[in-house]
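Take a look at the structure set out below.
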Amino acid sequence: IYEDKFAEAIEKTKKKGDVVLAVLTYPDGNYGNLPNAEKVIEICHEYEIPVLLNCAYSIGRMEIKANKLDADFVVGSGHKSMASAGPIGVLGMKEEFAKIVLRRSERFKNKEIELLGCTARGVPLMTLMASFPHVKERVKRWSEEVEKARWFAEEMEEMGFKLLGENPHKHDLMHFKSPHLYEISKKVKARGYFLYKELKKRKIHGIKPGRTKSFKVSTYMVPKDKLEMVLNAFEEILEKYKNNIS
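Residue numbers (the working numbering): 6 to 251.
Shown next as structure tokens:
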């Protein structure tokens with residue numbers, strides 16, 4: 006992420022029309038890169054553009070202080086980074102925007118106009134609320150999670166995988182390029198599905214069937230001994246198909 010490029014992007018977009026909101030995903034969902042949010046927000050505010058910080062993969066995992074970052078809006082995910090039993094999100098904003106975004110209907114006094122249809126209720130909402138005390142405590146151990154992710158990445162790279170994005174990494178969400186697995190997939194009968202099948206045999210699930218060229222991994226809250234099982238599985242698979250690697 007090149008924070009200084011935001012000014013260029015704003016200037017370019019202004020030629021097409023008014024810029025009413027900037028969105029920064031923190032971290033991005035593909036590579037887990039953590040940009041300098043404070044710097045980006047400062048640049049946007051110089052242009053008097055409010056900023057929405059998309060923290061789907063950070064709120065609930067690491068400490069986020071919207072007032073310290075000076076974010077105008079902050080969005081979190083209750084099912085990605087907390088413990089909601091169903092899709093649900095959380096939204097925070099500065100008081101000046103609350104008067105606009107959360108304004109009530111004149112006819113239905115309890116209805117926020119901008120919240121279309123049925124709002125969150127039932128099990129997703131109750132499980133989200135129930136997770137708050139645990140979430141509040143676990144963000145204090147974020148440095149341990151980053152250290153574990155870096156250890157995992159180093160072990161993967163020793164086997165020939167390539168960590169994409171920031172290195173050393175600052176988040177548990179990682180994206181690896183896997184040239185050896187991709188090469189194997191072009192030579193075996195199961196093609197790209199061989200990796201999914203090999204991992205399934207070892208009771209490791211989550212990878213998308215057919216994917217071998219690259220894949221995403223999150224080490225968040227996974228015990229180190231379980232991650233060692235994953236590392237051992239990749240090592241076994243590479244050894245099994247070593248004759249298919251140039």
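The beta-carbon is built from N, C-alpha and C at its ideal position, and this holds for glycine as well.
Cβ-Cβ separation, residue j to residue i (assumed contact under 8 Å), whole Å
| i | j | result |
| --- | --- | --- |
| residue 255 | residue 179 | Because residue 255 is not part of the residues shown, which for the chain are 6 to 251, the question remains open. |
| residue 79 | residue 69 | 7 Å |
| residue 49 | residue 11 | 7 Å |
| residue 32 | residue 62 | 6 Å |
| residue 116 | residue 109 | 7 Å |
| residue 57 | residue 26 | 6 Å |
| residue 54 | residue 24 | 5 Å |
Residue i versus the options, residue with shortest Cα-Cα distance
| i | options | result |
| --- | --- | --- |
| residue 66 | 144, 184, 173 | 144 |
| residue 73 | 98, 51, 83 | 98 |
| residue 197 | 135, 167, 219 | 219 |
| residue 240 | 225, 204, 211, 224 | 204 |
| residue 164 | 193, 250, 230, 150 | 250 |
| residue 193 | 109, 212, 246 | 246 |
| residue 214 | 202, 225, 223 | 202 |
| residue 105 | 118, 235, 95 | 118 |
| residue 127 | 166, 135, 121 | 135 |
| residue 146 | 122, 177, 120 | 177 |
| residue 162 | 195, 236, 54 | 236 |
| residue 96 | 207, 76, 14, 113 | 76 |
| residue 60 | 151, 30, 84 | 30 |
| residue 160 | 138, 234, 209, 187 | 234 |
| residue 200 | 228, 175, 244 | 244 |
| residue 151 | 58, 207, 223 | 223 |
| residue 175 | 148, 51, 53 | 148 |
| residue 226 | 114, 188, 190, 85 | 85 |
| residue 191 | 13, 207, 248 | 248 |
| residue 142 | 209, 64, 16, 187 | 64 |
| residue 43 | 15, 13, 9, 14 | 9 |
DSSP-derived helix/strand/coil call for residue i
| i | result |
| --- | --- |
| residue 27 | strand |
| residue 117 | strand |
| residue 108 | coil |
| residue 180 | strand |
| residue 98 | strand |
| residue 137 | helix |
| residue 190 | helix |
| residue 249 | helix |
| residue 60 | strand |
| residue 81 | strand |
| residue 227 | coil |
| residue 161 | helix |
| residue 208 | coil |
| residue 202 | helix |
| residue 130 | helix |
| residue 239 | helix |
| residue 234 | helix |
| residue 148 | helix |
Next on the checklist: With three or more C-beta pairs closer than 8 Å as the rule, is the stretch 128-146 touching the stretch 87-103?
Outcome noted: yes
Checklist entry - Using 8 Å as the Cβ pair cut-off and three pairs as the minimum, do the stretch 146-155 and the stretch 11-23 touch? => result no
Item to check | Segment contact, 8 Å Cβ cut-off, at least three pairs: the stretch 213-230 with the stretch 175-193 | outcome: yes
Next on the checklist: So, does the stretch 166-180 touch the stretch 30-45, judging by three or more C-beta pairs under 8 Å?
Outcome noted: yes
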